[in-house]
Amino acid sequence: MAIALAPAARRFATILLPVFAIGIARALTFSDWAAANATIGALLFAWIVADSLALSTIAKAPEKRPGVRALLGAFAAASVVILLGAAAPVRAAIFAMPPLLAALGLTVVAYFAWSGIRAISFYRRERSAEAALGQVVPHRLAHLIVTELGMMHLALFRWNAPPDVPHGALAFSYHRYLNPMIATLLALQVCELALVHFFVMMWNPLVAWILLAVSVGGVLWLIALMKSFRIKPVLLDDATLRVRSGAMVDAVIPRDAIARVAPSFDADLRKRKDTLDTAILSAPNVCLELSSPVSIPTLFGGSRDVLRVAMRLEDSAGFLRELAQSEGQVSSV
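Residue numbers (my numbering): 4 to 336.
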């Protein structure tokens, strides 16, 4: 009897099952049997890894029919795992088989060459680094990489940058109440960083330097976040409300989708997935209800539908006044 799985369960299964199978196969390469039969172990490990990633790619594809480049990408990823993931005796057996080694290397080269050509073409056409990188790695990973690089650039190089306010839009800031709290957290993090580095250094210098690098990255990310709160205010123009919360939220709400201004949202309502709440560490002073769901992007490249918007603005009265003056259909309750 066939077992029906929910879409979310299927998505997790296509990720977890290959990882589980590859993990078991890798563990077996460290066994005494694999050490005594390294060639057979190498071929078996290569088959399990390649088969697991290929089947996962097929399962995730629309109508279970992935494109040639998607399958090539799965085999390229498998090639890297095969070369780097096995135990030393099994890895040595792989390197002792020139045909297998050549097949793995050519697969990786073919995928990156094909993807590189597509990436250059996409960048020339769309002038988007994220779209170009998305031809080489999964789109969500490309979004994450571009976002993180943008945050590091903002933290290190963009000082005293003017707010991003397009012509014809009204800007409403929110950073003055928020940044002092973030700065306090940043100062505490720096103190903690110094103490942790000092004590871990006495135990293991390598781990200490790794933790320091991660912590410095976190400090730079917080600095960039503070800057982005100032640079990216909430925008209101004739057609849209652009809800922004630094680098974390950038959602466009059509003006005609705003049904009414609510006096407040309780804590349970603010926590719901269909509520966009940008009032960080504070209660919102602008609460809007929408007439229909609006799809907004998420931080990691996905999307979700929202029916409510909660914000904390420094000039909430001015925002509500502008909204009421130009939107006769928006009512207050």
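Backbone N, C-alpha and C define an ideal beta-carbon position, used for all residues, glycine too.
Quick check on the burial criterion: 16 or more other C-beta atoms within 10 angstroms. Buried or exposed for residue i?
i	result
Arg179	exposed
Asp280	buried
Pro21	buried
Leu75	buried
Gln138	buried
Cys290	buried
Met205	exposed
Arg311	buried
Ser231	buried
Ala5	Legend: pLDDT at Ala5 = 45, less than 50; position of this residue unreliable, value from coordinates given subsequently. Exposed, by the Cβ-count rule.
Mapping the DSSP letters down to three states, classify residue i as helix, strand or coil.
i	result
Thr301	coil
Ser267	coil
Thr187	helix
Ala37	helix
Pro296	strand
Leu284	coil
Compare the C-alpha of residue i against each of the options and name the closest.
i	options	result
Gly305	Leu144, Gly220 and Val237	Leu144
Arg273	Pro287, Ala262 and Val264	Pro287
Leu147	Leu214, Ala282, Leu302 and Ala64	Leu302
Arg233	Asp259, Thr17 and Pro183	Pro183
Can you give me the start and stop residues for the beta strand (DSSP E) that residue i sits inside?
i	result
Met314	Ser306 to Met314
Ala174	Leu173 to Phe175
Val237	Val237 to Leu239
Bridge partners of residue i, per DSSP?
i	result
Cys290	Ala265 and Ala313
Ser248	Val252
Can you tell me where the alpha helix (DSSP H) holding residue i begins and where it ends?
i	result
Pro92	Ala91 to Phe98
Pro257	Not the alpha helix (DSSP H): Pro257 falls in the beta strand (DSSP E), residues Val252 to Pro257.
Val222	Pro208 to Ile234
Val111	Pro101 to Glu129
Leu86	Val71 to Gly88
Gly153	His142 to Phe160
Glu133	Ala132 to Leu136
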